[in-house]
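A.B. asks: Sequence lines, in order, name chains A and B. Using this note's numbering, the letters of the first sequence correspond one by one to residues 1 to 108. Using this note's numbering, the letters of the second sequence correspond one by one to residues 1001 to 1108. Built from N, CA and C at the ideal position, the CB exists for glycine as well. Please read all numbers here as calculations on a predicted model, not as lab measurements.
Protein chains: 2
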Amino acid sequence: MSIQRCCPPKRVIKADYSEDAALFQALADENRLAIVASLAQADGEICVCDFTDCLPLNQPTVSHHLRILRESGLVTSERRGTWVYYSLAPDAKRRLQQSLRAIFEGDE
Amino acid sequence: MSIQRCCPPKRVIKADYSEDAALFQALADENRLAIVASLAQADGEICVCDFTDCLPLNQPTVSHHLRILRESGLVTSERRGTWVYYSLAPDAKRRLQQSLRAIFEGDE
DNA sequence: TTGTAATATCGAAATATGTCGATACAGCGG
DNA sequence: CCGCTGTATCGACATATTTCGATATTACAA
């Protein structure tokens, strides 16, 4: 009698999803989502001071979240004088949709 | 002389993104992404034993990740006999796309 | 009922993350 | 140069996460 298998051998994918995971990790915080949504819907840049004014976080914490978003490549920053302005990266939405496609449809 | 503002007052959004953040957090791990991608591309159920066989993780760790995905609602499970089979939730992709839209376009 | 296999849960360890106060840095005005 | 304001970094703390070994649970078979 042959060994019983629980199921026909399914392909468990062995691709490297670490970059996609890093992207989703950047979005895995409600305050960072509020920042990204504000940038997307403002359709332009927003000054750091507006985030520190409006978010329920202290200034170093806002700076910390902005750094994580900046390092993920989803947002960019530009200093003008004393102020620093953040914008959504032009390809932010496309990169996220691409990651979703990679997961759900196997695109790369 | 009036107080100088760094910029015209931009709307920093105060919506509650905690549910979207939870969804992205479920995807913020490369092993969980591999699980979701396998389920999506298998277009059907996959037995836990296949994950424990193929992922570079021990069995309790696989079970832990499956639980996180199950609790996020992105996957479902069904026991048949000794084995447990996991499937992608039918609305998984739609929920994620909806979250992306909520962030980038302000839909709710 | 007793044993075996598959999966889940528990408890602990290491690491990562979110948060903040204190401080450093950068740019501007005097 | 000095002081002020906006932003970033540092250090510390609490909490969360990932991982695993040990153990419990579930279902089946003898």
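1. Would you identify the three-state DSSP class for B/E1013, choosing helix, strand or coil?
2. Could you give the DSSP three-state label for A/T76: helix, strand or coil?
3. With a cut-off of 8 Å on the beta carbons, I'd call B/S1038 and A/V12 a contact; round off their distance for me.
4. When the cut-off is 8 Å and only beta carbons count, does B/R1011 lie next to chain A?
5. Spatial neighbours of A/V36 within its chain, please: CB distance less than 8 Å, with the 5 preceding and 5 following residues excluded, ordered by chain position.
6. Alpha carbon to alpha carbon, what distance is there between A/R79 and B/T1061?
7. Could you tell me which uninterrupted alpha helix (DSSP H) segments, each at least 4 residues in length, are contained entirely in the stretch 1025–1061 of chain B, listed from first to last along the chain?
8. Give me the subset of the stretch 1077–1089 of chain B whose CB atoms are less than 8 Å from a CB atom of chain A, sorted by chain position.
9. Expressed to the nearest angstrom, what Euclidean distance is found between the alpha-carbon atoms of B/Q1059 and A/T82?
10. Need the endpoints of the alpha helix (DSSP H) that B/A1102 sits in, please.
11. Considering only their Cβ atoms, is the gap separating B/S1099 from B/D1020 smaller than 8 Å?
12. In chain order, what residues of the same chain lie with their CB nearer than 6 Å to the CB of A/T52, ignoring the 5 residues before and after it?
13. With a cut-off of 8 Å on the beta carbons, I'd call B/E1030 and B/Y1085 a contact; round off their distance for me.
C.D. replies: Checking against the coordinates, here is how it stands:
1. Looking at the sequence itself, residue 1013 of chain B is Ile, so the reference to Glu does not match. Here B/I1013 sits in coil by DSSP.
2. strand
3. 5 Å
4. yes
5. L27, L69, L74, V75, L88 and A92
6. 44 Å
7. 1030–1042 and 1048–1054
8. T1082, W1083 and Y1085
9. 53 Å
10. A1092 to E1105
11. yes
12. Q59 and V62
13. About 23 Å; that fails the 8 Å criterion.
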